[in-house]
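The structure appears right after this line, and notes come after that.
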Amino acid sequence: MFWATVSIFFAALGAMSAIDLTASQITTIALMLSFSHALFMETAVVKMLGVNEIGMTVTRLAMSFMVGIIAGNIGGVLQWLK
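Numbering-wise (full-length UniProt numbering), the sequence shown opens with residue 1 and increments by one.
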């Protein structure tokens, strides 16, 4: 997941296909990546716009972790209900 955070979202999705994951795990990782993909490239753009790049990066990483925890817990409950 680290390389997707610093580079390309689609590379991480392709790498996930090589790993035996459940649908819940794939969904959780995809949701996390949607918040934190391409941080270096997008931080450079944000900096040019005059926005605080450190604040934006911390916010995106925090949102990624929060969404991952929530989605992982929901996925765990749904797997348990089966």
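Even for Gly, the Cβ is constructed at its ideal location relative to N, Cα and C.
If you're wondering where the values come from, they're calculated on a predicted model, not measured in any experiment.
Distance between beta carbons of residue j and residue i, contact taken as under 8 Å
i	j	result
S64	M32	5 Å
A30	L13	7 Å
Among the options, nearest to residue i - alpha-carbon criterion
i	options	result
A71	Q25, M41, N52 and F35	Q25
S36	D20, G50 and M66	M66
G75	K47, E42, V46 and T22	T22
Counted within 10 angstroms of its Cβ, other Cβ atoms place residue i as buried (16 or more) or exposed
i	result
I54	exposed
T59	exposed
L39	buried
I69	exposed
Element boundaries [alpha helix (DSSP H), containing residue i]
i	result
residue 83	The question about residue 83 has no answer, for the chain in this structure spans 1 to 82.
V45	L39 to M48
A12	F9 to M16
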